[in-house]
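Q: As numbered in our numbering, residues 1 to 544 make up the sequence shown, in order.
Once you've had a glance at the structure underneath, I'll fire off some questions.
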Amino acid sequence: MTSFTDLGLEDNLLHAITDLGFESPTPIQEKAIPVLLTGVKDFVGLAQTGTGKTAAFGLPLLQLIEANHKYPQALIVCPTRELCIQIHNDFKDFKKYKKQIFTEAVYGGTSITAQIRNIKSGVQIVAATPGRLIDLIERKAIDLHKVKYVVLDEADEMLNMGFRDDIDFILENTVNREATWLFSATMPDDVRAISRNYMNKPVEITIGKKNATNANIEHQYYMTSAHLRFDALKRLIDFNPDLYGIIFTRTKAGAQEVTEKLSKEGYALEPLHGDLSQQQRDRVMRRFRDKSLQLLVATDVAARGIDVDGITHVINYELPDDPEVYTHRSGRTGRAGKTGICLSICHSRELYRIREIEKLIKAPIHKMDFPEAADVCRKKVQSFVQQLLQTETDDEIEGFLHTINSDLALLSAEELLKKIITLQLNPFLESYKNAPDLNVKRIPKEKEIRSRSDENRVRKSDGSFKKLFINLGTKDGFHKLNLLQFVLNESKLRNAEIGKIDLRELNSWIEVDTKNATAMASRINGKKFKGRVIRMNEASHTRK
Ligand code: AMP
Numbered sequence: 001m002t003s004f005t006d007l008g009l010e011d012n013l014l015h016a017i018t019d020l021g022f023e024s025p026t027p028i029q030e031k032a033i034p035v036l037l038t039g040v041k042d043f044v045g046l047a048q049t050g051t052g053k054t055a056a057f058g059l060p061l062l063q064l065i066e067a068n069h070k071y072p073q074a075l076i077v078c079p080t081r082e083l084c085i086q087i088h089n090d091f092k093d094f095k096k097y098k099k100q101i102f103t104e105a106v107y108g109g110t111s112i113t114a115q116i117r118n119i120k121s122g123v124q125i126v127a128a129t130p131g132r133l134i135d136l137i138e139r140k141a142i143d144l145h146k147v148k149y150v151v152l153d154e155a156d157e158m159l160n161m162g163f164r165d166d167i168d169f170i171l172e173n174t175v176n177r178e179a180t181w182l183f184s185a186t187m188p189d190d191v192r193a194i195s196r197n198y199m200n201k202p203v204e205i206t207i208g209k210k211n212a213t214n215a216n217i218e219h220q221y222y223m224t225s226a227h228l229r230f231d232a233l234k235r236l237i238d239f240n241p242d243l244y245g246i247i248f249t250r251t252k253a254g255a256q257e258v259t260e261k262l263s264k265e266g267y268a269l270e271p272l273h274g275d276l277s278q279q280q281r282d283r284v285m286r287r288f289r290d291k292s293l294q295l296l297v298a299t300d301v302a303a304r305g306i307d308v309d310g311i312t313h314v315i316n317y318e319l320p321d322d323p324e325v326y327t328h329r330s331g332r333t334g335r336a337g338k339t340g341i342c343l344s345i346c347h348s349r350e351l352y353r354i355r356e357i358e359k360l361i362k363a364p365i366h367k368m369d370f371p372e373a374a375d376v377c378r379k380k381v382q383s384f385v386q387q388l389l390q391t392e393t394d395d396e397i398e399g400f401l402h403t404i405n406s407d408l409a410l411l412s413a414e415e416l417l418k419k420i421i422t423l424q425l426n427p428f429l430e431s432y433k434n435a436p437d438l439n440v441k442r443i444p445k446e447k448e449i450r451s452r453s454d455e456n457r458v459r460k461s462d463g464s465f466k467k468l469f470i471n472l473g474t475k476d477g478f479h480k481l482n483l484l485q486f487v488l489n490e491s492k493l494r495n496a497e498i499g500k501i502d503l504r505e506l507n508s509w510i511e512v513d514t515k516n517a518t519a520m521a522s523r524i525n526g527k528k529f530k531g532r533v534i535r536m537n538e539a540s541h542t543r544k
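Rendered as structure tokens:
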């Protein structure tokens, strides 16, 4: 395995990387750093967000900059304020032992005077959003004559957001630019045009498949009737008490409405959409980052560039019209080697969209059944009891105890616990009495889905295999081979034919020949594995 020391980086940068806890370079770092360190002029890196791009260009820049010259030598242009701040902060970490290098982040929505002052004080690297940078250029507040390096980060996003003219302007105004490094998740024609117009035979590096989503993300969808969408959302959140995530809606009004409804139910969340002022956005993001908020309800535009560590779930309250947008949404989770789940709530007429997205992301989106009301309540109680157990008590309380001890003495521990749970959770538990069954009864046939899609986007099924769900996965110590042996032995159907096994952390999907599938599910379902009841049942659709 390649290590950072093999890439040609100087000691003080290596030292900073060690402090950050990065053990080995990510694929883009491994490929890009040695190339960029040679001072290569033009470079195109195709990589998704969250792949470690910032260090891939940041470390070489910090090594190449002439620290004794106090004027701007490198510009990093990126689509959003959030990304700009993120890059600035990452650079601060990387240059921990290169104190002679100064960086500044310039972005709109905040005082320009302080930014101008900092730039004039001798920064060598400026990270900027296009609009604010142009503002600075027009005010002659930044001298671009000695800028040697221009990095365009998330170029496709910048063009999507309509910054094409601005990028042209910036590139045309960096007349002594020696190197242009472009990073993009995708390579549409307009990004290609930038490389054609402003670069000379760039070195091109692609990490992973274009448009491929991260393997650390598990994709799932839940199907319900359109009028039950909100109940569906609430059920999914309630079933995952430790969820820390972003809910995506298509419109600002939708984001506002979902926020209001969930706030009434006591959730800690805020909306993030284009109607908020910059200060409000900052406040929301701060609260989300420090986990004062469990959830953000965001529109696509507002959520661009959000990079928050440890997001466990992305929830598509509504599927986006454009499958490409799905990849941007789901990419908010499963970052930096962590796993994440992207859940989509859809109704049966939207199934063709799921198929389109599967095709784009080249990964299955698994059909899931909504958890039953009783399971949601059980999980909520368990989570509350865990919280109770972990609560640190205050010594002062002791002082009050002697007066209440006599009242409580009549209660057993169990009665006391019941009362505490009732007091705390009654409205929640009540809300689940008579809760509707959210699962759609009639799933459209594949044929119907196909007829709604303009291309034949559905995998053909000849009915020879059925896909079975099982609630066992890598977390239970399984790999494909021992899971296969396990299901064959446990079901005593040793001649059953097994097709594809899709092994995940908590659950897996196994294709079993149609003749044996039902028998296998019924023989294994309800058995126990390490004291846990195994669930095995038919998944929603068959696959060849
Ligand atoms: P980026 O794509 O630059 O936004 O990076 C995504 C995340 O990965 C950030 O939180 C980085 O701190 C982290 N990261 C970058 N490089 C590495 C590495 N070599 N090892 C571990 N984490 C990394």
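From the three backbone atoms N, C-alpha and C, an ideal C-beta is built for every residue, glycine too.
#1: Between residue 502 and the rest of its own chain, which residues show a CB-CB distance below 7 Å, the 5 nearest in sequence each way excluded?
#2: What is the residue span of the beta strand (DSSP E) that residue 363 lies within?
#3: Quick one: using the 10 Å Cβ neighbour count with 16 as the cut-off for buried, is residue 109 buried or exposed?
#4: Check whether the region 110–128 touches the region 79–89, counting contact only when three or more Cβ pairs, one atom from each stretch, lie closer than 8 Å.
#5: Kindly indicate which residue of 380, 464, 471 has the alpha-carbon position closest to the one of residue 368.
#6: Closer than 6 Å to a non-hydrogen atom of ligand 1 - does that hold for the CB of residue 50?
#7: Check each candidate in 526, 7, 116, 380 and name the one with the smallest Cα separation from residue 432.
#8: Between the alpha carbons of residue 569 and residue 241, how many angstroms are there, rounded?
#9: DSSP has residue 508 in a bridge; who is on the other side?
#10: Tell me the DSSP secondary structure of residue 290 in three-state form.
#11: State buried or exposed for residue 271, treating a residue as buried only when at least 16 other CB atoms are found within 10 Å of its CB.
#12: Who are the Cβ neighbours of residue 3 in its own chain at under 7 Å, not counting the five residues just before and after it?
#13: Whole angstroms are fine: how far does the CA of residue 95 sit from the CA of residue 138?
#14: Nearest to residue 496 by alpha carbon, out of 186, 516, 530, 29?
#15: Using a Cβ-Cβ cut-off of 8 Å (strictly less than) and excluding sequence neighbours within five positions of residue 474, which residues of its own chain qualify?
#16: Out of curiosity, what's the CA-to-CA distance linking residue 232 and residue 252?
#17: Using the beta-carbon count (16 or more within 10 Å), is residue 18 buried or exposed?
#18: Could you tell me the distance, in whole angstroms, from the CA atom of residue 259 to the CA atom of residue 249?
#19: According to DSSP, what are the bridge partners of residue 486?
#20: If you drop the 5 nearest sequence neighbours on each side, which residues of the same chain put their C-beta closer than 7 Å to that of residue 545?
#21: In whole angstroms, give me the CA-to-CA distance for residue 416 and residue 407.
#22: Does the region 146–162 come close enough to the region 173–181 to have 3 or more Cβ pairs within less than 8 Å?
#23: For ligand 1, is there any heavy atom lying closer than 6 Å to the beta carbon of residue 53?
#24: Need the endpoints of the alpha helix (DSSP H) that residue 131 sits in, please.
#25: Helix or strand or just coil, what does DSSP make of residue 212?
#26: Any heavy atom of ligand 1 closer than 6 Å to the Cβ of residue 206?
#27: Just to confirm my understanding: we take residue 455, look at its own chain, exclude 5 residues before and 5 after, and list those with CB closer than 7 Å. What are they?
#28: For residue 45, count the other beta carbons within 10 Å of its own beta carbon; 16 or more makes it buried, fewer makes it exposed. Which is it?
#29: Among the candidates 291, 256, 52, whose CA atom is the shortest distance from the CA of residue 20?
#30: For the alpha helix (DSSP H) that residue 203 lies in, which residues bound it at each end?
#31: Give every residue of the same chain whose Cβ lies closer than 6 Å to the Cβ of residue 499, excluding the five residues on either side of it in the sequence, and list them in chain order.
#32: Note down the Cα distance separating residue 403 from residue 397, rounded to an integer number of angstroms.
#33: Measure the beta-carbon distance from residue 537 to residue 468 and round it to whole angstroms, keeping in mind my assumption that it falls under 8 Å.
A: The short version:
#1: In chain order, 364, 508, 509 place their CB closer than 7 Å to the CB of residue 502, counting only its own chain and leaving out the 5 sequence neighbours on each side.
#2: From DSSP, residue 363 is part of no beta strand (DSSP E); its letter is neither H nor E.
#3: Taking every protein chain shown into account, the CB of residue 109 has fewer than 16 other CB atoms within 10 angstroms, so this residue is exposed.
#4: Because the criterion of three Cβ pairs below 8 Å is met, the region 110–128 and the region 79–89 touch.
#5: The residue with the shortest Cα to Cα distance from residue 368 is 471.
#6: Within the cutoff, so yes.
#7: Minimum Cα distance to residue 432 is reached at 380.
#8: Outside the shown range of the chain (1 to 544) lies residue 569, about which nothing can therefore be said.
#9: Beta-bridge partners assigned by DSSP to residue 508: 470, 503.
#10: Of the three classes helix, strand and coil, the one that applies to residue 290 here is coil, per DSSP.
#11: By the neighbour-count rule (16 or more Cβ atoms within 10 Å), residue 271 is buried.
#12: Only 24 meet the Cβ criterion.
#13: The alpha-carbon atoms of residue 138 and residue 95 are separated by roughly 30 Å.
#14: For residue 496, the nearest C-alpha among the options comes from 516.
#15: Shown here for residue 474: same chain residues with a beta carbon closer than 8 Å to its own, the five before and five after excluded, namely 503, 504, 505 in chain order.
#16: Going by the C-alpha atoms only, they are around 20 Å apart.
#17: Counting the other Cβ atoms within 10 Å of the Cβ of residue 18 gives fewer than 16, which makes it exposed.
#18: Those two C-alpha atoms are separated by around 10 Å.
#19: Secondary-structure assignment with DSSP links residue 486 through no beta bridge to anything.
#20: In this structure the chain extends from 1 to 544, so residue 545 is not present and cannot be described.
#21: Spanning the alpha carbons of residue 416 and residue 407 requires a straight line of approximately 11 Å.
#22: Three or more beta-carbon pairs drawn from the region 146–162 and the region 173–181 are found closer than 8 Å, and the two stretches are therefore classed as touching.
#23: True, at least one ligand heavy atom lies under 6 Å from that Cβ.
#24: For residue 131, the enclosing alpha helix (DSSP H) has its first and last residue at 130–138.
#25: Caution is warranted here: a pLDDT of 46 is assigned to residue 212, below 50, making its placement in the model unreliable, and the coordinate value is therefore given only provisionally. Three-state DSSP puts residue 212 in coil, outside helix and strand.
#26: The answer is no for residue 206.
#27: In this predicted model, residue 455 has a pLDDT of only 33, less than 50, meaning its place in the structure is not dependable enough to derive any value.
#28: The residue is buried, with at least 16 neighbouring Cβ atoms inside 10 Å.
#29: Nearest of 291, 256, 52 to residue 20, Cα basis: 52.
#30: Unbroken run through residue 203 is the beta strand (DSSP E), 203–206; no alpha helix (DSSP H).
#31: Contacts found: 465, 511.
#32: Cα to Cα, the separation comes out at about 11 Å.
#33: Rounded, the Cβ-Cβ distance is 7 Å, consistent with contact.
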